[in-house]
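First to last, the protein sequences are chains V, R, D, A and W. The numbering of the first sequence is the numbering used here, which starts it at 34 and goes up by one. The numbering of the second sequence is the numbering used here, which starts it at 58 and goes up by one. The numbering of the third sequence is the numbering used here, which starts it at 2 and goes up by one. The numbering of the fourth sequence is the numbering used here, which starts it at 2 and goes up by one. The numbering of the fifth sequence is the numbering used here, which starts it at 634 and goes up by one. Using N, Cα and C, we set each Cβ at its ideal position, and we do this for glycine too.
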Amino acid sequence: GGGDNGGDNGEAAQGVEGGGTVSAYNCEPQFLVPGNSTEVCGSWVLDSLFTGLVQTDLDTNEPMPGVAESWDTEDNQTWTFTLGEDWTFHDGEEITAQTFVDTYNWVIDPDNAQQSANFFDNFVGYQEVVDGDAEEMEGVRAVDDYTLEIELTEPFSPLPDMLTYTAFYPMPSVAYEDIDAFEQAPVGNGRYMMDGEWEHDVQIAVERFDDWAGEDPGLPQRIEWRMYTDIETAYLDVQSGNLDILDSAPPNRRATVESDFGENYADFDTSSFTYMGLPLYQEEFQDVDVRHALSMAIDRQAIIDAIFDGAQTPAANIIPPALSDAGEGNCEYCDYDPEAAAELYEEAGGPTDLTIYFNSGAGHEEWVEAVSNQWQQNLGIENVTFESLDFAQYLALHDEQEITGPYRLGWSLSYPSAQYAMEPIYSTGASSNYADYSNEEFDDLINEANAETDPDTAAEMYTEAEAILLEDMPVIPMWFSNYLVVHSDRVDGDSIFMDQATYTHLEDVVVTEE
Amino acid sequence: MSLSAPAAADPFADKKSVLQVDGLVKHFPITQGIVFQRKVGAVKAVDGVSFNLREGETLGIVGESGCGKSTLAKLLMRLEEPDAGSVKFRGEDFLSVKGDELRRLRRKIQIIFQDPYTSLNPRMSVGDIIAEPFKLHPEEKPKQGIRNRVKELLDLVGLNPEHINRYPHQFSGGQRQRIGIARGLALNPDVIICDEPVSALDVSVQAQVMNLLDDLQKQFGLSYIFIAHDLSVVRHISDRVGVMYLGKLAELGTQDEIYNVPAHPYTQALLSAVPLPDPTLRGEREQIVLQGDPPNPANPPSGCRFRTRCWKATEICATEEPELISRGRITQAAACHHAAPNERVAPAHG
Amino acid sequence: MTRYIIRRLLQFIPVIVISTLLVYALVFAMPGDPIRALAGDRPMSDAVRETLREQYNLDDPFFVQYAKYLWGIITAGDFGTTFNGRPVTELITQRLPVTATLALVTFVIQSIMGIIAGILAALYRDRFFDRFVQVATVTMVALPTLVIAFLMQLVFGLNLGLFPIAGINDGLISYILPALAMASVSTGILARLVRSELLDSLSSDYVRTATAKGMKRSRVVTRHGLRNSLIPAVTFIGADLASMMAGSIVVETIFNLPGLGEQVYRSIQGQEGTVVVGIVTLFVIFFVLINLIVDVLYGLLDPRIRYE
Amino acid sequence: MTESQTSTRTAPGTRPGDAPLLEVKDLQVEFRTKAGVAQAINGLNFTLHAGETLAILGESGSGKSVTAQTIMGILDMPPGRIAGGEIRYRGDDLLTMKEEARRELRGGKIAMIFQDALSALNPVMPVGWQIAEMFRIHRGMKRKEARAKAVEMMLRVGIPAAEERAGDFPHQFSGGMRQRIMIAMAIALDPDVLIADEPTTALDVTVQAQVMRLLKDLQTEFNMGLILITHDLGVVADVADKIAVMYSGRVMEAADVYEIYGKPGHPYTRGLLSSIPRIDDEGGRLRAIPGLPPSLTDLPSGCPFNPRCEFATDRCRTERPELRLVAEGHLSACHYAEEVYAGTATTTQRPSPTGTGMIPVSKEAPE
Amino acid sequence: MSEMHKAEARTEPIDSQLESSGKAKKKTEEASLLADAWRSLRKNPWFIISAVLLLLFLSMAVFPSLFTNTDPRECLLARSRQDPSAEFWFGTDVQGCDYYSRVIYGARNSIAVGFIVAIGTFIIAVLLGLVAGYFGGWVDAVISRLTDMVFAVPYILGALVLLNALQAFQAQGVREVAFVLIIFMWPTMTRLMRGSVISVVNSDFVMAARALGAGPITIMRRHILPNSLGPVIGYATVFTGIIIGAEATLTFLGVGLQLPAISWGLQLSDARQYLQTSPHLLLFPVIFVGLTVFAFMTMGDAVRDALDPKSKK
Ligand SMILES: Nc1ncnc2c1ncn2[C@@H]1O[C@H](COP(=O)(O)OP(=O)(O)OP(=O)(O)O)[C@@H](O)[C@H]1O
Ligand SMILES: Nc1ncnc2c1ncn2[C@@H]1O[C@H](COP(=O)(O)OP(=O)(O)OP(=O)(O)O)[C@@H](O)[C@H]1O
Ligand SMILES: [Mg+2]
Ligand SMILES: [Mg+2]
Ligand code: NI
């Protein structure tokens with residue numbers, strides 16, 4: 034992350050001298066090694082500890098320079114990155130092109146079992162390393178100290194976007210010596226550096242790194258992430274002033290947030306997408322009309338109003354509207370139309386019994402029930418059973434393709450790219466394609482778009498691909514989440530910003546009171 | 058009455074033995090410490106008691122309070138497991154039987170507990186308490202129906218049969234004792250061990266109960282072990298009397314022998330202390346007052362256990378434990394080196 | 002008694018072996034792939050997955066897994082690690098104090114409040130206080146712990162500002178609200194147990210004797226009546242202490258206490274067998290000890306109770 | 002080594018004009034039972050003077066223990082209820098007294114030995130502790146000191162190895178020892194009034210004599226009034242000054258000990274005396290009063306003893322005889338007290354003799 | 634005193650005397666602890682109140698349609714979370730269903746789970762507790778260590794695996810949930826029972842029964858059981874309420890009753906989120922659960938009192 038957003042608000046409020054300390058809600062990270070962190074809790078922290086080759090411009094969601102000052106490609110397949118020369122790690126180690134080569138090779142080494150390894154799967158030489166046929170990826174080369182070359186197996190225009198992701202952060206050489214020790218206090222190259230070790234389940238504290246080579250350093254002197262196990266509790270703690278920022282207040286709090294916080298809250302649209310998937314490997318759902326009918330029978334706005342206090346944006350897209358690539362008006366079947374739905378369903382002979390799947394304990398019960406009520410009322414479905422399962426079991430069912438009805442899943446963008454919003458979920462055989470959707474036309478369009486060098490044309494192609502999905506409806510789009518951020522009096526509300534990937538940019542927060 | 062023991066032949070000599078007790082021992086450990094206890098000694102509650110109870114016979118047991126009578130009774134019932142010794146019921150080893158067999162034998166031996174109240178289940182009505190023996194031993198089910206039989210029993214011991222539905226706590230001490238008696242009688246056992254069965258009864262009811270016991274014995278040839286402190290009562294009911302002191306039998310003989318020619322000094326002291334129901338005799342009797350404190354049952358005196366309080370004690374008493382045998386002129390067995398009839402015997406009432 | 006205690010301590014061995022085996026088996030039997038769950042709905046490459054499965058012996062048959070686990074403990078004192086690489090021993094040393102403190106504070110609160118309330122309820126039988134305890138118990142039972150905890154945070158933490166809302170940063174004070182929330186139901190039950198047992202023993206003869214000795218009512222009740230009625234209370238407190246260790250999931254989660262209960266729950270969800278087994282072993286030791294203490298207490302409370 | 006003990010006939014410690022130590026007037030106690038209200042005490046009267054020994058005799062179940070409990074104020078209420086009457090201690094009515102004031106009297110001034118020693122002792126407290134408690138609470142003694150006193154008391158009532166056994170629990174003692182512990186507890190504070198409810202039933206005669214001597218000593222030393230409830234007429238003859246004979250909740254006869262034994266003025270007393278087994282008796286049947294005591298829920302009209310009385314007439318069945326003077330200092334509640342007193346009463350009926358040695362019918366003769 | 638010597642002879646047969654008394658007191662004839670208990674229960678107003686309440690809840694569980702005509706599953710999101718009104722007595726829930734009928738229909742699952750589990754654990758606890766406390770020794774060791782282990786095995790883990798074994802992929806019904814709860818909830822009660830058995834097993838009256846030749850079963854049944862049941866009854870009554878809550882926890886963890894089941898437990902746990910905005914969502918199920926617990930508790934008290942012959946009532 035990063036960007037000039039913080040600068041815009043600089044004059045709005047008088048910050049404390051030196052930047053002050055800000056504390057924020059977080060959940061206990063699973064891992065604090067860039068290549069291994071796949072969830073928000075860890076990535077958010079890593080985001081401040083590390084800076085990748087590329088950063089995202091928060092205003093436009095476009096890539097902007099990070100460690101790399103500039104980059105260049107002819108064919109979207111071979112990319113050359115020119116690195117800035119004064120980047121160092123917090124421990125003083127200099128960052129060169131070789132740093133990235135080493136890091137990337139380390140991440141994909143199966144022995145290191147880094148979970149994000151497969152983000153590299155379109156790098157040339159990746160498979161060889163994974164298969165044990167090679168030590169290093171051919172596709173990543175340090176041309177000289179400050180020139181890095183990346184070669185991909187096929188054209189891939191969103192590469193700069195992708196490189197903003199956690200998995201591509203550089204790691205210092207100390208990391209390889211003892212990765213476990215490193216994880217307790219990662220040494221990065223970001224705006225902030227660890228202050229002490231990771232206090233598991235309690236907090237992670239970072240101090241501003243004053244030698245940061247980037248353009249707009251962090252404002253607060255110190256950031257403390259406090260680990261909470263219950264969001265409600267965090268909410269009360271912000272309310273009582275013990276905590277400065279909670280970036281994901283419980284949705285049902287929207288009704289009282291004004292009385293609880295007055296002005297001290299803000300709403301952000303994000304790329305976090307919720308959908309009802311349909312197991313296309315089951316016969317009942319192979320008829321596209323059934324899928325359309327199911328979609329049309331859902332009154333998204335009503336559910337959002339009743340259950341989320343209006344805090345989600347009804348989805349008529351697959352690509353988050355926060356990205357400029359999202360198409361408009363392409364979704365014919367996302368509007369509530371019970372009569373049409375009923376008719377269609379009747380004609381298509383949709384199933385009269387449904388089993389709905391969702392994972393338990395994550396707060397999905399109510400809206401899933403509401404959806405099921407609407408299906409029952411609008412489509413004449415007689416029997417609905419629910420399967421709420423532990424997440425591990427739930428995924429196992431998916432892997433085994435034993436899901437027999439609509440299922441809830443979500444997707445949020447690790448990096449802001451329309452490609453990432455679609456390809457992993459809908460292209461044939463993709464890793465997260467739980468619906469088992471396959472459409473050649475769609476696959477081709479995505480590939481073409483990935484190869485397209487002109488960003489605008491690529492964007493158009495993505496939008497086209499999205500339209501196919503909306504027509505085929507392998508999943509029923511439900512909504513894009515809206516995050517409610519609440520904060521204490523100690524920070525300036527205008528300085529708080531959450532990006533589409535749901536990271537709140539603490540480095541831009543202005544602390545007004547010590 | 059003459060001082061010499063009547064040499065009358067033992068009327069029970071030809072009767073079969075019902076209960077043959079041999080060298081019964083029970084020591085209770087004394088411990089110290091709260092959680093981690095260590096054993097620092099043992100109360101020698103019963104320390105080698107032997108006797109033979111025959112059919113139709115009543116053996117009275119008297120003795121100082123705390124000398125082990127109740128413990129003996131419990132041992133005989135196998136409510137405590139003895140440390141040594143044997144008990145034979147009609148020739149059968151009572152100490153080794155188990156399970157159903159034990160239960161069958163227990164039907165034949167009944168006990169009336171010294172403590173009337175705690176031995177009654179507070180949540181059972183008197184009717185249920187007395188009916189319990191019949192329920193436990195269905196083969197004994199009375200012809201006239203359990204309930205009627207229970208009422209009869211209540212009546213027998215002088216309780217109002219209408220109180221059949223009452224609970225133990227609603228009775229007076231003496232009434233509770235009679236509930237225990239009625240329960241003990243219910244099964245018509247062969248042996249009844251009575252641990253102070255009449256101590257809480259007024260003399261009139263006591264008379265009723267003793268007459269009842271007497272009648273039962275005459276009719277069915279029951280045997281009793283009758284533990285009591287009231288020496289008149291013991292004399293009245295017993296054929297033979299055993300005198301216990303500190304876990305051992307001090308003297309064992311027929312009722313006449315013991316009461317008329319007591320040979321053990323302790324027996325003599327005991328008899329001399331019997332209060333007589335006649336105020337005019339107040340202070341006129343001569344009473345042997347035992348000197349010294351009762352000895353510690355955990356650490357009894359060497360030799361004869363009574364020697365520390367005995368006026369006849371000599372050196373031999375300290376070194377050699379006297380056996381329970383008859384000596385010299387006396388016919389009964391007495392565990393005293395100096396066993397001899399004493400001039401001072403129980404004064405007769407006027 | 003000493004021998005009894007030693008014998009009881011020896012029972013640790015089979016109990017631990019059986020229960021760890023059992024728990025291990027249960028975790029093993031859980032459906033789904035823990036490594037899969039670790040990654041969430043994001044894709045994980047097969048290579049990574051395999052490495053991890055191998056690293057955590059997940060591909061071995063059950064008994065091999067268990068044997069490797071035991072072997073690790075025996076040879077290297079290695080209780081395994083979590084899937085994110087933290088040693089179980091470290092996890093436990095960090096979390097045990099939290100749970101233990103919580104349990105202890107709860108235990109103190111509930112024992113004191115429960116017994117006192119029980120005594121008062123018995124003394125003022127059918128009067129206001131008795132009814133109050135009854136109604137309070139009913140309410141506490143009817144309200145889920147979640148709600149009670151939340152209300153406490155709201156009232157004592159936020160509105161009155163008496164106690165911290167969450168976390169363990171303020172020392173013992175931070176444990177008071179969670180302990181209250183945990184104790185609420187048990188206190189009521191305890192009060193009722195004490196009350197009814199006390200009423201029973203107050204009608205016994207020896208209590209009358211104490212009165213006849215001229216003792217004050219309060220002394221009669223607390224010194225003579227109470228002791229005889231404490232066996233159920235002690236049993237219950239013991240059992241409750243046991244379930245507290247394991248059952249503090251909800252409270253630990255809400256009050257953000259990094260304790261064992263919450264960890265066990267998370268590890269179960271993540272199917273981290275070693276963690277679960279490690280913690281459960283600790284629990285078992287704890288329960289056997291607690292129950293031993295309770296049994297020893299029986300003997301102290303009532304000398305008639307003898308263990309060979 | 003023997004010692005003969007002679008006790009002189011001391012006159013009861015009554016000085017005219019003195020308020021009696023304890024006075025029970027027209028006491029009525031009833032119990033609620035399922036079968037109705039049981040009148041355990043109906044109209045009980047007696048007085049006790051300092052230094053005096055009053056023996057209460059009576060049928061088992063006639064209300065002796067209930068009387069004692071009522072005086073101590075430890076009757077279980079409910080189901081018990083004091084329906085009327087007063088109990089005066091040195092002139093103050095105990096029944097209307099403040100609870101706190103009454104508590105002060107209990108144990109210290111008025112003490113009681115319970116009939117059932119095992120259930121009356123706290124099973125979970127060491128006996129030494131239970132005795133020491135008296136000293137600690139009433140005398141404010143320290144733990145150690147009180148314990149030493151307790152051991153001393155145990156020795157006084159003849160418990161061997163008292164020092165070692167003070168820490169034992171009631172169930173570890175024999176019946177007689179428990180009884181003596183009760184006694185030790187009751188006399189610990191040298192009370193003014195001691196109610197001894199069958200204090201020596203579980204004691205052998207030598208210990209009994211020792212205990213009675215101890216009580217006597219206390220009595221002379223502290224001018225204690227002793228209410229001795231017992232069935233042992235030998236003991237009564239030995240120690241009592243006055244005797245009250247109770248029957249179904251009332252005093253039937255009250256007089257000097259010599260009067261009662263010599264010239265009983267009530268048929269019930271006569272019956273009682275004739276039931277005593279004698280030490281020189283060798284066997285044969287004992288004489289018992291025939292019949293059962295009346296049910297307390299359903300008392301007979303007139304004299305409660307009438308169904309069992311051999312002298313009963315119609316008058317006895319209708320009219321309740323009041324306690325009246327038959328001779329000097331001799332009260333009796335019988336219409337024919339004078340005749341009975343003089344030994345001239347005539348037998349009028351043979352009362353139904355249930356409960357007197359009825360032989361069980363169901364037993365087959367043993368093999 | 635010679636004239637009295639004759640008084641021993643008996644004249645009348647005993648039976649006549651018995652008969653006359655028998656007739657007079659016919660109604661008090663058969664009495665056992667149970668019969669007595671029943672008699673005094675009938676007179677106890679608290680018993681009546683609790684019995685009526687329980688009957689009410691039971692009929693609610695069995696015939697919910699007697700109490701409401703509204704279909705609890707007829708939900709309109711448009712009227713979500715309305716406050717109580719004349720139309721919706723208890724307001725509406727999040728889904729916009731009539732909360733009154735939801736609460737009424739919730740009785741079935743909740744009471745069923747509460748009942749089955751309370752009774753199931755009670756039976757197990759009483760049996761195991763009796764046996765462990767009475768026999769002591771290795772029997773006790775085995776049972777007690779078993780309780781330790783069950784205590785130690787986190788019930789979520791057990792529930793997950795067990796329910797899975799019970800074909801968890803089908804909807805989890807009352808039976809399965811009750812089963813799992815019983816399996817994991819019996820130890821506390823068992824320990825309570827064992828404790829009170831241990832404290833009566835040394836009583837003299839037990840010894841007396843043994844002397845009469847009573848076997849272990851008889852002694853346990855007739856002597857120990859009635860004298861040791863008190864604490865367990867006391868606990869079991871409150872326990873019913875706890876179970877209703879535990880059922881909700883299971884659901885929360887994904888192993889309990891599943892949607893679209895209606896139960897008080899589910900309502901309670903859902904309501905937490907709306908504590909401040911729509912307190913009625915919490916209030917009504919709490920009242921119902923509370924009343925149920927109250928009824929059980931009062932009934933337990935009444936039964937205990939009735940079973941205690943010394944009771945002052
Ligand atoms: N709780 C009660 N309910 C009903 N009746 C009772 C209750 N307690 C005592 N009684 C009755 O009151 C009467 C008097 O009892 P009390 O204990 O005073 O007799 P007692 O004279 O001491 O007899 P004993 O010599 O046998 O001890 C008895 O008939 C008894 O049954
Ligand atoms: N459970 C026990 N533990 C320890 N000592 C015991 C136990 N039971 C009895 N004793 C001791 O054993 C001795 C004998 O007791 P026992 O009850 O047999 O006496 P007893 O002859 O019946 O006396 P009494 O006539 O007073 O009833 C006593 O010193 C007593 O303290
Ligand atoms: Mg005895
Ligand atoms: Mg009495
Ligand atoms: Ni004569």
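Is any beta-carbon of chain W found at less than 7 Å from that of Pro139 (chain R)? Taking the first residue of the second sequence as 1, we reach residue 139 (chain R) at position 82. Output row for Pro139 (chain R): interface = no.
Helix or strand or just coil, what does DSSP make of Thr107 (chain D)? In the third sequence, residue 107 (chain D) corresponds to position 106, counting from 1. Helix.
Closer than 7 Å, Cβ to Cβ, to anything on chain D: give me those residues from the region 920-937 of chain W, in chain order. The residues in question are Val922, Gly923, Val926, Phe927, Met930, Arg937.
By the three-class DSSP mapping on this structure, what secondary structure does Ser20 (chain D) have? Locating residue 20 (chain D) in the third sequence gives position 19, where the first residue counts as 1. It is helical.
Ile277 (chain A) vs Val260 (chain R) beta-carbon contact at 7 Å: Start at 1 with the first residue of the fourth sequence, and residue 277 (chain A) comes out as number 276. Start at 1 with the first residue of the second sequence, and residue 260 (chain R) comes out as number 203. Contact flag set, yes.
Any residues in the region 768-794 of chain W with a beta carbon nearer than 7 Å to a beta carbon of chain D? Which ones, in chain order? Considering only beta carbons, the part of the region 768-794 of chain W lying closer than 7 Å to chain D consists of Ala774, Ser777, Arg778, Asp781, Met782, Phe784, Ala785, Val786, Pro787, Ile789, Leu790, Gly791, Leu793, Val794, in chain order.
Under 7 Å, Cβ to Cβ, is there at least one residue of chain D near Gly109 (chain A)? As a first step, residue 109 (chain A) is located in the fourth sequence; it is residue number 108 there, counting from the start. Yes, contact with chain D.
Among V:Tyr470, V:Trp408, V:Ser447, V:Asp522, whose alpha-carbon lies nearest the alpha-carbon of Asn94 (chain V)? Locating residue 94 (chain V) in the first sequence gives position 61, counting from the first residue. Distance check between Asn94 (chain V) and each of V:Tyr470, V:Trp408, V:Ser447, V:Asp522 places V:Ser447 closest, using alpha-carbon atoms only.
DSSP bridge partner residues for Val119 (chain R) (one or two, in chain order): Locating residue 119 (chain R) in the second sequence gives position 62, where the first residue counts as 1. Answer by DSSP bridge pairing, in chain order: R:Val300.
So does Gly86 (chain A) have its beta carbon nearer than 6 Å to some heavy atom of ligand 3? In the fourth sequence, the residue the question calls residue 86 (chain A) occupies position 85. It does not: the Cβ of Gly86 (chain A) is nowhere closer than 6 Å to a heavy atom of ligand 3.
Closer than 9 Å, Cβ to Cβ, to anything on chain R: give me those residues from the region 188-213 of chain A, in chain order. Taking 9 Å as the Cβ-Cβ cut-off, the region 188-213 of chain A approaches chain R at Asp198, Glu199, Thr201, Thr202, Ala203, Leu204, Asp205, Val206, Thr207, Val208, Gln209, Ala210, Gln211, Met213, given in chain order.
Among V:Ser76, V:Phe64, V:Val163, V:Thr303, whose alpha-carbon lies nearest the alpha-carbon of Gly223 (chain V)? As a position in the first sequence, residue 223 (chain V) is number 190, starting the count at 1. The residue with the shortest Cα to Cα distance from Gly223 (chain V) is V:Ser76.
Where does Thr461 (chain V) sit, in a helix, a strand or coil, going by DSSP? In the first sequence, counting from the first residue as 1, residue 461 (chain V) sits at position 428. It is coil, neither helix nor strand.
Gly115 (chain D) versus Val195 (chain D): straight-line alpha-carbon distance, rounded: Your numbering for residue 115 (chain D) matches position 114 in the third sequence. Your numbering for residue 195 (chain D) matches position 194 in the third sequence. So the two alpha carbons sit approximately 8 Å from each other.
Assign Lys72 (chain R) to one of three DSSP states: helix, strand, or coil. Along the second sequence, read from residue 1 onward, the residue named residue 72 (chain R) stands at position 15. Lys72 (chain R): coil per DSSP, three-state reduction.
Three-way DSSP call (helix, strand, coil) for Trp368 (chain R) in this model: Against the second sequence, residue 368 (chain R) aligns to sequence position 311. Trp368 (chain R) falls in the coil class under three-state DSSP.
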